[in-house]
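> Protein chains in written order, with the numbering used here: chain A, 1 to 485; chain B, 486 to 943. Don't be surprised by glycine CBs; every beta carbon is placed ideally from N, CA and C. Pasting in a structure now, in structure tokens, and then I'll have a few things to ask.
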Amino acid sequence: MRNVFPIVHVLGMVTMLFSLAMLVPLILSWWLQDGAVAAYDEAIAVTFFSGLAAWFGTRHFKRELKIRDGFLLVVLIWSTLPAFASIPLLIQIPGLSFTDAYFECVSGLTTTGSTVLSGLDQLPPSINFWRAELVWLGGMGLIVLAVAVLPLLGIGGRQLYKAETPGPMKDSQLTPRITETAKGLWLVYAGITLACILSFRAVDMTWLDAVMHGFTTMGLGGFSSHDASFGYFDSPAIEAVTIVFMLIAGINFATHFMVWRGKSFSPYRRDPEAGMFLGVTLASCLGLGGYLFLNGVYPDFLTALRYAAFNTVSIATSTGFANTDFNLWPIFAPLWMLFLSSFASSSGSTGGGIKMIRAQLLYKQVYRELNKLLHPDGVILTKLGGQVIPNKIIYAVLAFVFIYMVTIVSMTLILTASGLDVITAFSATVASINNTGPGLNQVGPATTYAILNDFQTWVCIFAMLLGRLELFTLIIVLTPAFWRK
Amino acid sequence: MKIVILGAGQVGASVAENLVRESNDITVVDIDPAKLQYLQDRFDLRTVLGFASHPDVLRRAGIEDADMLLAVTQSDETNLVACKLAHTLFNTPTKIARIRCTDYLNHEGLFSPENFAVDYIISPEEVLTDYIRKLIEYPEALQVLDFAHGKVRLAAVRAFHGGPLVGHELQYLRKHMPHIDTRVAAIFRQDRPIIPEGKTVIEAGDEVFFVAAAENIRVVMREMRHLDKAAKRVMIAGGGNIGRRLAGSLERHYQVKLIDHNKKNSERLAAELSNTLILFGDATDPDLLQAENIEDMDVFCALTNDDENNIMSALLAKRMGARKVIALINRSAYVDLVQGGQIDIAISPAQATIGSLLAHVRRGDMAVVHSLRRGAAEALEAIAHGDANTSKVVGKRVEQIDLPRGATIGAVVRGDEVLIAHHDTVIESEDHVIIFVVNKQMISRIEKLFQVGIGFFG
Chain A
1 MRNVFPIVHV LGMVTMLFSL AMLVPLILSW WLQDGAVAAY DEAIAVTFFS GLAAWFGTRH
61 FKRELKIRDG FLLVVLIWST LPAFASIPLL IQIPGLSFTD AYFECVSGLT TTGSTVLSGL
121 DQLPPSINFW RAELVWLGGM GLIVLAVAVL PLLGIGGRQL YKAETPGPMK DSQLTPRITE
181 TAKGLWLVYA GITLACILSF RAVDMTWLDA VMHGFTTMGL GGFSSHDASF GYFDSPAIEA
241 VTIVFMLIAG INFATHFMVW RGKSFSPYRR DPEAGMFLGV TLASCLGLGG YLFLNGVYPD
301 FLTALRYAAF NTVSIATSTG FANTDFNLWP IFAPLWMLFL SSFASSSGST GGGIKMIRAQ
361 LLYKQVYREL NKLLHPDGVI LTKLGGQVIP NKIIYAVLAF VFIYMVTIVS MTLILTASGL
421 DVITAFSATV ASINNTGPGL NQVGPATTYA ILNDFQTWVC IFAMLLGRLE LFTLIIVLTP
481 AFWRK
Chain B
486 MKIVILGAGQ VGASVAENLV RESNDITVVD IDPAKLQYLQ DRFDLRTVLG FASHPDVLRR
546 AGIEDADMLL AVTQSDETNL VACKLAHTLF NTPTKIARIR CTDYLNHEGL FSPENFAVDY
606 IISPEEVLTD YIRKLIEYPE ALQVLDFAHG KVRLAAVRAF HGGPLVGHEL QYLRKHMPHI
666 DTRVAAIFRQ DRPIIPEGKT VIEAGDEVFF VAAAENIRVV MREMRHLDKA AKRVMIAGGG
726 NIGRRLAGSL ERHYQVKLID HNKKNSERLA AELSNTLILF GDATDPDLLQ AENIEDMDVF
786 CALTNDDENN IMSALLAKRM GARKVIALIN RSAYVDLVQG GQIDIAISPA QATIGSLLAH
846 VRRGDMAVVH SLRRGAAEAL EAIAHGDANT SKVVGKRVEQ IDLPRGATIG AVVRGDEVLI
906 AHHDTVIESE DHVIIFVVNK QMISRIEKLF QVGIGFFG
């Protein structure tokens, strides 16, 4: 147990910092007089003093963290913070069970965006804002934020960064110092979010809606303050703005960072993921638009394209907004969208799934194996964007994708065994592990995850955390080898 | 001329050999006594043992009254530092450095007098790569050389039965192709030069050198022999400096396979080259060649640094069906041995690259010098300066110029215009004159022609 204390020490610090995040909805609630002030008072108090106790009680165990500690710390952060985050919801929404509140907050922090709540429009605005803020914070990873702040505390940031950042190539560094990298990424993230909010305002959203949807768009989360999601606005202009910013958020933020620092767009061209991501997503929009039109779902092609584009980009980037109930479309279209969500977005973006870079590496690896059969003496390497990918990364990717598949199959089976129909079980699993949000049938965009029983809800929570922590980080903590001395 | 050469490697040694023959005072500096001893024993030159970029070593080599410094060691950095020192400490008039790393060449002003103070840069690898690339571009040619930045080319081709011109007099060429201007500069029959005249008959087996604008080269070649389809598939043996560069410059337009026998190096090549198939193995292994469809290869280039290996693998490739085989051969005795036999083209790297240096050593203003036929013949691009009073060429018709017998003016480049030389073409000041010389002994007379004399009345 003594090994855990240094980690708890840092966790306490992070928890105290996290309590500060609740000040924003507190101030908002006080300003709007929506009657939720007391909920935040209590939540802040509980969170802050829990953090303080953990931090103070373990102060003698403070030491530099090892790689192993990084994994455990990340898992602990992602599982405890949603518990604290759910306090305002539990107080403010009568009849909400802890399981559902926890699900809601995990869904927010993992940028999934699936909800168990209905009647969103009647909730106090500050509660909706709190949900959106969770998505935004979760978007770039609480840890990267922590890395930007925690160096003040003298804790090795590299382990956290490695354990948390999505994508297989974690060693590529943008600046010599990891904290500079983290700060740079956050600045870019915050800057683009601001642009997104202003654009929403420019197409006539209210300020409050603009900020909330800006947060959930950039986090690729998909929470909305309306039950009807984007159907509430029913505005092509708003949808167009959302599509643009979802696509931006689906590109590696390190690439955005390089563009911003170098004042040149050439990093986009050199990023092998960005082009493929945009190509696949936009081609799918056109294809599905044509498909819906030909199947007579919409009377004219432009309308079909509008709905196909918005929902496809939204699901492919793992956001989860909807402006219509795509569950009613012929089954191929939503299945294709879910398929895209499992690989389309880039590594280092706020999206989910196995990430485009892994899909590209897999494809190239297959091509390489075929080539090796043709040329037994050939020295054939897997290259991406002119860079040679070392075999150890390819093995890691293969193992990753294998576990990803196994997880989807086993969770689908578990959910089916617990009484869900196959489509619901499969789509709930895929939508959760890809951090997408809405699934199909009973958990489709027109309904919520409230129909799940507690057991099924916990399975989905686990799937969301697995997806957000990219499987390995969470699974390794669950292996006996991790705890062996 | 007093010349200090830094580095007694392949480049340094062959440069020294050529320059000694042209009666220059040569001092060679190197850190390897064995290499220096080798040169000392064979040629009339002085050697200095020491590190090439140390001022004291340079002084001992007599840099203080040298006319020229040739820094051709293996190390770019040593060469650059030596040039800088020669400029700062000894005020050497002409400094030439060999640079291998292309990145140095991409930065403007790096070589100006206030920086590294290099007057001319030579890159033998680059020259050789270029040389081989042109042979792949024109698979029928024995040699293709650029003049005036590629506007004019000199090509050598072996005449075969079936070429429309073979068996005819040269003047028939003009009648047969009235729109194409070309000039046959020399013909070698059984290795002996024939001065081409209107009545000369081209026979099968002749090696014909002709000058033409770059775009007309293929058309003229068709007159001498049947043309095959253009090359598409190239196999290279040896992934050293030359093989790597060649593959890099070819891979976008050709299907390139590169064989290397070093595991580490082949992985490095695979990382660096994006469109080339790298094969790990021995180029003299028939099974490997067979597995990689040697019979479908249009060109096979043996470019390892082992002469015997290159000869054997080129012979093997030819036997197994490669259309044209090229072998890089360092030892000049071997070059004579294999050229024209089963191996289509034997390239001596020293001969192929010496020209880029000779251009700077020659008196008179020479833009380009190409050494031909293993150093026996030469093609020059000389720039005419002065006016009718001071120059022996300016203002004269070609037929009036006092050229030694065996030297031919092939073409004149005036600004951007290419004029194929005829007897009545008048040379103007600043013209680039392309001259073919069948015998090297005439070089000094050509040099004198293009030097601007003072008080010359003629």
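1. Out of B:V897, B:G891, B:Q936, which one is the CA nearest neighbour of V696 of chain B?
2. Can you list the alpha helix (DSSP H) stretches of 4 or more residues lying completely in the region 827-912 of chain B, in chain order?
3. Hey, would you say D561 of chain B sits closer than 8 angstroms to Y605 of chain B, going by beta carbons?
4. What are the start and end residues of the beta strand (DSSP E) that includes L590 of chain B?
5. Okay, do the region 790-801 of chain B and the region 712-730 of chain B touch, 3+ Cβ pairs below 8 angstroms being the bar?
6. Give a yes or no on whether the C-beta atoms belonging to V455 of chain B and F601 of chain B are separated by under 8 angstroms.
7. Of the choices A:P330, A:L328, A:P438, whose alpha-carbon is the least far from that of S114 of chain A?
8. Look up K809 of chain B in the DSSP assignment and give the residues it is bridged to.
9. Counting only runs that start and end within the region 269-335 of chain A, where is the alpha helix (DSSP H) found for 4 or more residues in a row?
10. What did DSSP end up calling M706 of chain B once you bin it into helix, strand or coil?
11. Quick check on the burial criterion: 16 or more other C-beta atoms within 10 angstroms. Buried or exposed for F321 of chain A?
12. Along chain B, in chain order, which residues have C-beta atoms closer than 8 angstroms to that of G386 of chain A?
13. Between I828 of chain B and chain A, is the shortest Cβ-Cβ distance under 8 angstroms, so that the two count as touching?
14. Do V693 of chain B and V669 of chain B count as a contact pair if the criterion is CB distance below 8 angstroms?
15. Got a sec: is the Cβ-Cβ distance from G154 of chain A to anything in chain B below 8 angstroms?
16. Would you call Q775 of chain B buried or exposed, if buried means 16 or more other Cβ atoms sit within 10 Å of its Cβ?
17. Take every Cβ of the region 573-588 of chain B, pair it with every Cβ of the region 812-832 of chain B, and state whether three or more of those distances are shorter than 8 angstroms.
18. Do you know offhand how far L491 of chain B's Cα is from R618 of chain B's?
19. Applying a beta-carbon distance threshold of less than 9 angstroms, which residues of chain B neighbour I380 of chain A?
20. What does A776 of chain B touch in chain A if you count any residue whose Cβ is under 9 angstroms from its own?
21. Quick one: grab the DSSP three-state call for D515 of chain B.
22. Using a 10 Å radius around the Cβ and a threshold of 16 neighbouring Cβ atoms, would you call R269 of chain A buried or exposed?
23. Shortest alpha-carbon distance to K708 of chain B belongs to which of B:I912, B:E757, B:A644?
24. Following the continuous alpha helix (DSSP H) through R659 of chain B, name the residue where it begins and the one where it ends.
25. Taking contact to mean at least 3 C-beta pairs separated by less than 8 angstroms, is the region 652-665 of chain B in contact with the region 831-843 of chain B?
26. Using a Cβ-Cβ cutoff of less than 6 angstroms, which residues in the same chain neighbour L26 of chain A once the five nearest sequence positions on both sides are dropped?
27. Taking Cβ to Cβ, would you say A873 of chain B is nearer than 8 angstroms to I920 of chain B?
28. Got a sec: which bits of the region 515-547 of chain B sit with their beta carbon under 8 angstroms from any beta carbon on chain A, in order along the chain?
29. Suppose contacts are defined by Cβ-Cβ distances below 8 angstroms. Is F528 of chain B in contact with A571 of chain B by that definition?
30. Are the region 445-459 of chain A and the region 510-529 of chain B touching by the rule of at least three beta carbon pairs closer than 8 angstroms?
31. Can you find at least 3 beta carbon pairs, one from the region 234-246 of chain A and one from the region 303-319 of chain A, that sit closer than 8 angstroms?
32. Which residues bound the alpha helix (DSSP H) around V542 of chain B?
33. Does the CB of G766 of chain B have a neighbour CB from chain A at under 8 angstroms?
34. Does the region 423-439 of chain A come close enough to the region 494-513 of chain B to have 3 or more Cβ pairs within less than 8 angstroms?
35. Short check: CB of A755 of chain B to CB of M782 of chain B, under 8 angstroms?
36. How many angstroms separate the CA atom of I380 of chain A from the CA atom of L762 of chain B?
The structure says:
1. Residue mapping note: residue 696 of chain B aligns to position 211 of the second sequence, counting from 1. Closest by alpha carbon: B:V897.
2. 834-846
3. Counting from one through the second sequence, the residue named residue 561 of chain B turns up at place 76. Counting from one through the second sequence, the residue named residue 605 of chain B turns up at place 120. Taking 8 angstroms as the Cβ cut-off, D561 of chain B and Y605 of chain B do not qualify as a contacting pair.
4. Along the second sequence, read from residue 1 onward, the residue named residue 590 of chain B stands at position 105. Unbroken run through L590 of chain B: none, as it is neither H nor E.
5. yes
6. Nothing about residue 455 of chain B can be reported from this structure: the residues present for chain B run from 486 to 943 only.
7. Position 114 of the first sequence holds residue 114 of chain A. Nearest C-alpha to S114 of chain A: A:P438.
8. Along the second sequence, read from residue 1 onward, the residue named residue 809 of chain B stands at position 324. According to DSSP, which records beta bridges pairwise, K809 of chain B is partnered with B:V784.
9. 272-294, 301-316
10. For the purposes of this step, residue 706 of chain B is identified with residue 221 of the second sequence, where counting begins at 1. Here M706 of chain B sits in helix by DSSP.
11. In the first sequence, counting from the first residue as 1, residue 321 of chain A sits at position 321. Buried, by the Cβ-count rule.
12. Taking the first sequence and counting its residues from 1, the one referred to as residue 386 of chain A is at position 386. Residues of chain B passing the Cβ test: S759.
13. Here the question's residue 828 of chain B lines up with position 343 in the second sequence. Not closer than 8 angstroms to any Cβ of chain A, the Cβ of I828 of chain B fails to qualify, so no.
14. Taking the first residue of the second sequence as position 1, residue 669 of chain B is located at position 184. Taking the first residue of the second sequence as position 1, residue 693 of chain B is located at position 208. Against a cut-off of 8 angstroms, the Cβ pair of V693 of chain B and V669 of chain B comes out as a contact.
15. Taking the first residue of the first sequence as 1, we reach residue 154 of chain A at position 154. Reliability of the predicted coordinates at G154 of chain A is poor, the pLDDT of 44 falling under 50, and the value obtained from them is presented with this limitation in mind. Judged by the 8 angstroms Cβ criterion, G154 of chain A is not in contact with chain B.
16. To locate residue 775 of chain B, count along the second sequence from 1; it is residue 290. Under this definition Q775 of chain B is an exposed residue.
17. no
18. In the second sequence, residue 491 of chain B corresponds to position 6, counting from 1. In the second sequence, residue 618 of chain B corresponds to position 133, counting from 1. Going by the C-alpha atoms only, they are around 29 angstroms apart.
19. Sequence index remark: in the first sequence, residue 380 of chain A carries index 380 (1-based). Within chain B, the residues near I380 of chain A are A755, L762, I763.
20. Residue mapping note: residue 776 of chain B aligns to position 291 of the second sequence, counting from 1. In chain order: H375, P376, D377.
21. For the purposes of this step, residue 515 of chain B is taken as residue 30 along the second sequence, with counting starting at 1. The answer is strand: DSSP assigns D515 of chain B an E or B state.
22. Residue 269 of chain A sits at position 269 when you count from the first residue of the first sequence. Looking at its Cβ environment, which holds fewer than 16 other Cβ atoms inside 10 Å, R269 of chain A is exposed.
23. Residue numbering aside, residue 708 of chain B sits at position 223 when the second sequence is read from its first letter. Looking at the sequence shown, residue 708 of chain B is not Lys but Glu. With distances taken between Cα atoms, E708 of chain B lies closest to B:A644.
24. In the second sequence, residue 659 of chain B corresponds to position 174, counting from 1. Looking at the DSSP string, the run of the alpha helix (DSSP H) that includes R659 of chain B is 657-661.
25. no
26. By 1-based counting over the first sequence, the position of residue 26 of chain A is 26. Taken in chain order, the residues that qualify are Y40.
27. Within the second sequence, residue 873 of chain B is the residue found at index 388, counting from 1. Within the second sequence, residue 920 of chain B is the residue found at index 435, counting from 1. Against a cut-off of 8 angstroms, the Cβ pair of I920 of chain B and A873 of chain B comes out as no contact.
28. none
29. Stepping through the second sequence from its first residue, residue 528 of chain B is reached at position 43. Stepping through the second sequence from its first residue, residue 571 of chain B is reached at position 86. Contact: no.
30. no
31. yes
32. For the purposes of this step, residue 542 of chain B is taken as the residue at position 57 of the second sequence. Start and end: 540-545.
33. Position 281 of the second sequence, counting from 1, holds the residue named residue 766 of chain B. Yes, G766 of chain B counts as interfacial toward chain A.
34. no
35. In the second sequence, the residue the question calls residue 755 of chain B occupies position 270. In the second sequence, the residue the question calls residue 782 of chain B occupies position 297. Not closer than 8 angstroms, so no.
36. Your numbering for residue 380 of chain A matches position 380 in the first sequence. Your numbering for residue 762 of chain B matches position 277 in the second sequence. If you take the alpha carbons of I380 of chain A and L762 of chain B, they lie about 7 angstroms apart.
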